[in-house]
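Worksheet for the structure shown next.
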Amino acid sequence: MLNQVTLIGRLTHDPVVKTTEDGKKVSDIQIAVQRAFKNMEGLYETDFIGCSLWQGSAEIIENYCKKGSMVAIRGRLQTKKLELANSKVISVIELVGERVIHLSSTFKSSPSCPEEDA
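Numbering (this note's numbering), first residue to last: 371 to 488.
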């Protein structure tokens, strides 16, 4: 079986790294991915995909990327369950990034950004 996805899109907000109780770094980001075809009104639609980046990938995205930066993220899809206020449980699919490549020509704090293997 195979669970591997590559997405290219733009960050919808500046990335922030958090540290878990056991000391691991994580950044939960969202990327906007424009569809390759037009809808019935002749417009391109955009999907907003949640992504979790861990350890080195989280640090790379925080240090070198900002809102609007174009990134390529390769990883796997994962389902997580969220409980709503009315005790209803929903499933949400997110991308858990394993490799991040910065594609924009502008950088947050440095002239070069390495790609990162998680």
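Heads up, the beta-carbon is just placed ideally off N, CA and C, and yes, glycines get one too.
If you're wondering where the values come from, they're calculated on a predicted model, not measured in any experiment.
In the structure shown, the three-state DSSP call for residue 474 is coil.
Per DSSP, the unbroken alpha helix (DSSP H) holding residue 426 starts and ends at 425-434. With a cutoff of 8 Å on beta-carbon distance, residue 402 and residue 379 are scored as near each other. Closest by C-alpha distance to residue 453, out of 408, 387, 462, is 462. Leaving aside the five residues that flank residue 414 on each side, the residues in its chain whose CB is nearer than 7 Å to its CB run, in chain order, 404, 405, 408. Going by DSSP, residue 440 is part of the beta strand (DSSP E) stretching over 440-453.
Burial state of residue 473 is exposed, judged by a 10 Å Cβ sphere holding fewer than 16 other Cβ atoms.
Straight-line spacing of the CA atoms in residue 371 and residue 442 works out to 23 Å.
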